[in-house]
Amino acid sequence: MEKYLSIRIQTALYISIFFISLHHVFVYLTNSSILRYTFDLQTGEVIAIYGLASLFGICVYLILLKRGLTNNIKINIYTTAIIEIICLALMYYSSLNNHVYLFIGLFFVHHLLTPYILFNLDTLFETYTHIKDRGKSRGIYLTAWNIPFIIIPIIMSTLSVSKLPVVYIASSILLLPFLFFIFTYTKDPGNIRDIEVIKKQKVDLIKLLKGFFKDKLDRNSFIIQCCLHLYYGSLAIMLPIYLHSVFMFEWNKIGLILAAMTMPFILIQIPFGNIEDKKHNEKTLFKIGLFIMILFTTLTLLINPNIGDDISFLLLITFLFLSHVGCSLVEISIESRFYKHITERDHTALLMFRMARIVPYSLGILALLFIS
Numbered sequence: 005m006e007k008y009l010s011i012r013i014q015t016a017l018y019i020s021i022f023f024i025s026l027h028h029v030f031v032y033l034t035n036s037s038i039l040r041y042t043f044d045l046q047t048g049e050v051i052a053i054y055g056l057a058s059l060f061g062i063c064v065y066l067i068l069l070k071r072g073l074t075n076n077i078k079i080n081i082y083t084t085a086i087i088e089i090i091c092l093a094l095m096y097y098s099s100l101n102n103h104v105y106l107f108i109g110l111f112f113v114h115h116l117l118t119p120y121i122l123f124n125l126d127t128l129f130e131t132y133t134h135i136k137d138r139g140k141s142r143g144i145y146l147t148a149w150n151i152p153f154i155i156i157p158i159i160m161s162t163l164s165v166s167k168l169p170v171v172y173i174a175s176s177i178l179l180l181p182f183l184f185f186i187f188t189y190t191k192d193p194g195n196i197r198d199i200e201v202i203k204k205q206k207v208d209l210i211k212l213l214k215g216f217f218k219d220k221l222d223r224n225s226f227i228i229q230c231c232l233h234l235y236y237g238s239l240a241i242m243l244p245i246y247l248h249s250v251f252m253f254e255w256n257k258i259g260l261i262l263a264a265m266t267m268p269f270i271l272i273q274i275p276f277g278n279i280e281d282k283k284h285n286e287k288t289l290f291k292i293g294l295f296i297m298i299l300f301t302t303l304t305l306l307i308n309p310n311i312g313d314d315i316s317f318l319l320l321i322t323f324l325f326l327s328h329v330g331c332s333l334v335e336i337s338i339e340s341r342f343y344k345h346i347t348e349r350d351h352t353a354l355l356m357f358r359m360a361r362i363v364p365y366s367l368g369i370l371a372l373l374f375i376s
């Protein structure tokens, strides 16, 4: 298997990432508001649903981890995407007809599907890219992933809370061009070295997990990824609710705030990915990013809604933008180090790194102990 991507496959992968992100962002930013306002659930109940969905996802991923490697990456992607389309259509139906338990069950399934698609895309990415270019490649990958986080909130700013369920239809439609590019322009890495030997080996799940956490870089990458997505997840679940209930903002302002705070991911991850390839200064960038992230997140929490709508709106946009400058530096530094460290055959590391996207939501169960 060629280690360098052809221009055709490279372009197809990045365009596919863009479309899967468009699909993901619509529902990612909407689910908590649907649960809170369409179904009139309490904030604690919303957090509990996210936590239980995360625990369900972790169990499924551990089963997949025990199953081991597969050459049928495209089949995995097709099957998962079709299930997701059906799931979203039924979520739209249940949100319109107020079938809360059906919606929650579908949400559990939906919550684990996109990370599994991304795991399979990561396997393709690792198979075709060269280790020396991983910083640049991950920068492009993350930029393609993050562009929809600007586009979608602006679109959603035109919607009222009561019209939010329509995003499930839009999200399912966006999976069609994603599948087209995957089907037409990519191919399975059918001859990954030693894959048949690895598949025939007896899989000991405990041994796999011990091996993963014994590796210092794998372990640190997993922990940092969990913390980062705990931060992202907290914002995705709580920020729209917080802005609507405390600052009394409608989605026209909420959407603009969400779009502005994502801008740093588009502006700096490609150039800093290139810098990391040349200077290998991932640790320094990580420390700078972490400091910026903590500082401006703290300042965001200190904003008082009584200072006036316009001033609070401007302060929220400014501080959230700057906090996400820090987030983007942390993200590109950890992704660059991790993907330079592993190979396409490291099924455990790839799946655990993707599982780190949903693990933080399980902490919602613990958060309820403090809320209650």
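Taking the working numbering, the leading residue of the sequence shown gets 5, the next gets one more, and so forth. In this text, a Cβ means the ideal position worked out from N, Cα and C, and glycines have one as well.
- [ ] Taking all protein chains shown into account, decide if L306 is buried (16 or more other Cβ within 10 angstroms of its Cβ) or exposed.
- [x] Along the sequence shown, one-based indexing puts residue 306 at 302. Counting Cβ neighbours within 10 Å, L306 comes out exposed, since fewer than 16 surround it.
Open item on the list: Considering just the uninterrupted stretch of the alpha helix (DSSP H) at T118, what are its terminal residues?
Closed with: Locating residue 118 in the sequence shown gives position 114, where the first residue counts as 1. Per DSSP, T118 belongs to the alpha helix (DSSP H) from 104–132.
- [ ] Would you check if the distance between the CB atom of E88 and the CB atom of L110 is smaller than 7 Å?
- [x] Within the sequence shown, residue 88 is the residue found at index 84, counting from 1. Within the sequence shown, residue 110 is the residue found at index 106, counting from 1. Against a cut-off of 7 Å, the Cβ pair of L110 and E88 comes out as no contact.
Task: Straight-line gap, I237 to I227 (C-alpha atoms, nearest Å) - done: Looking up residue 237 in the sequence shown gives position 233. Looking up residue 227 in the sequence shown gives position 223. Looking at the sequence shown, residue 237 is not Ile but Gly. Looking at the two C-alpha atoms, the distance is approximately 15 Å.
TODO: Look at the alpha carbon of V201 and the alpha carbon of N76, and state the distance between them as a whole number of angstroms.
DONE: On the sequence shown, position 197 is the one that residue 201 refers to. On the sequence shown, position 72 is the one that residue 76 refers to. Model confidence at V201 stands at a pLDDT of 43, short of 50, so the residue's coordinates are unreliable and nothing is read from them.
Task: Exposure label - E286; buried when at least 16 CB within 10 Å - done: On the sequence shown, residue 286 is found 282 positions in, with the first residue counted as 1. Taking a 10 Å sphere around the C-beta of E286, we find 16 or more other C-beta atoms and assign the residue as buried.
Task: Straight-line Cα distance separating S366 from L66 - done: Position 62 of the sequence shown, counted from the first residue, corresponds to residue 66. Position 362 of the sequence shown, counted from the first residue, corresponds to residue 366. Each residue's Cα considered, the two are about 15 Å apart.
Task: Nonlocal neighbours in the same chain, by C-beta distance under 6 Å from P244, ignoring five residues either side - done: Within the sequence shown, numbered from 1, the residue matching residue 244 stands at position 240. Close CB contacts of P244 within its chain, under the 6 Å cut and outside five residues either way in sequence, are with S37, I258 (chain order).
TODO: Quick one: using the 10 Å Cβ neighbour count with 16 as the cut-off for buried, is D281 buried or exposed?
DONE: The residue labelled residue 281 in the question sits at position 277 within the sequence shown. Buried: at least 16 other Cβ atoms inside 10 Å.
Task: Contact between the stretch 261–279 and the stretch 145–161 (3+ Cβ pairs under 8 Å) - done: At 8 Å Cβ cutoff, the stretches touch.
Task: Same chain, Cβ closer than 6 Å to F112, neighbours up to 5 away in sequence not counted - done: As a first step, residue 112 is located in the sequence shown; it is residue number 108 there, counting from the start. Answer for F112: A57, F60, listed in chain order.
TODO: Report the rounded CA-to-CA distance for L289 versus L333, giving the unit in angstroms.
DONE: Taking the first residue of the sequence shown as position 1, residue 289 is located at position 285. Taking the first residue of the sequence shown as position 1, residue 333 is located at position 329. Distance between the alpha carbons of L289 and L333 is about 6 Å.
Open item on the list: Suppose the cutoff is 8 Å on Cβ atoms and the five residues either side in sequence are ignored; what does the same chain contact list for Y18 look like?
Closed with: Position 14 of the sequence shown, counted from the start, is the residue given in the question as residue 18. Within the same chain, Cβ atoms closer than 8 Å to the Cβ of Y18 are found at I144, Y145, A148, the five residues on either side in sequence being excluded.
Open item on the list: Here's the rule: buried if 16 or more other CB atoms are within 10 angstroms of the residue's CB, otherwise exposed. What is T162?
Closed with: Within the sequence shown, residue 162 is the residue found at index 158, counting from 1. T162 is exposed by the Cβ-count criterion.
Open item on the list: Given a cut-off of 7 Å on the beta-carbon distance, is the pair P119 and R341 in contact?
Closed with: Counting from 1 along the sequence shown, the entry for residue 119 is found at position 115. Counting from 1 along the sequence shown, the entry for residue 341 is found at position 337. Annotated as distal: P119 and R341, with beta-carbon spacing of 7 Å or more.
TODO: Would you identify the three-state DSSP class for R358, choosing helix, strand or coil?
DONE: The residue you call residue 358 lines up with position 354 of the sequence shown. Under the three-state reduction of DSSP output, R358 falls in the helix class.
Task: Cβ contact (3+ pairs, closer than 8 Å) linking the stretch 290–309 and the stretch 323–333 - done: Yes, they touch.
Task: CA nearest to the CA of V278, picked from I315, L178, K140 - done: The sequence position of residue 278 within the sequence shown is 274, counting from 1. According to the sequence shown, residue 278 is Asn rather than Val. With distances taken between Cα atoms, N278 lies closest to K140.
Task: Proximity of F23 and V171 at Cβ, strictly below 7 Å - done: For the purposes of this step, residue 23 is identified with residue 19 of the sequence shown, where counting begins at 1. For the purposes of this step, residue 171 is identified with residue 167 of the sequence shown, where counting begins at 1. For F23 and V171, no; Cβs fall outside 7 Å.
Open item on the list: So the candidates are D222, A174, S25; which of them puts its Cα closest to the Cα of L125?
Closed with: Here the question's residue 125 lines up with position 121 in the sequence shown. Selected option, being the one with the closest Cα: S25.
Task: Boundaries of the alpha helix (DSSP H) in which I346 is found, first to last residue - done: As a first step, residue 346 must be located in the sequence shown, where it is residue number 342. Segment: none, I346 is in no alpha helix (DSSP H) and carries neither H nor E.
- [ ] Return the CA-CA distance between R12 and Y132, expressed in angstroms with no decimal places.
- [x] Position 8 of the sequence shown holds residue 12. Position 128 of the sequence shown holds residue 132. Rounded to whole angstroms, R12 to Y132 spans 12 Å at the Cα level.
Open item on the list: By alpha-carbon positions, which one of L183, M265, I315 ends up nearest to I158?
Closed with: Mapped onto the sequence shown, residue 158 falls at position 154. For the residues L183, M265, I315, the minimum Cα distance to I158 belongs to M265.
Open item on the list: Can you give me the C-alpha to C-alpha distance between M5 and L178, rounded to a whole angstrom?
Closed with: As a working mapping, residue 5 is identified with position 1 in the sequence shown. As a working mapping, residue 178 is identified with position 174 in the sequence shown. Caution applies to M5, whose pLDDT of 45 falls short of 50 and renders its modelled position unreliable; the model cannot decide the point.
TODO: Whole angstroms is fine: what's the gap from I21's alpha carbon to L122's?
DONE: In the sequence shown, counting from the first residue as 1, residue 21 sits at position 17. In the sequence shown, counting from the first residue as 1, residue 122 sits at position 118. For I21 and L122, the gap between their C-alpha atoms comes out near 8 Å.
Open item on the list: Quick check: what's the CA-CA separation for F216 versus E339?
Closed with: Residue numbering aside, residue 216 sits at position 212 when the sequence shown is read from its first letter. Residue numbering aside, residue 339 sits at position 335 when the sequence shown is read from its first letter. Spanning the two alpha carbons is a distance of roughly 16 Å.
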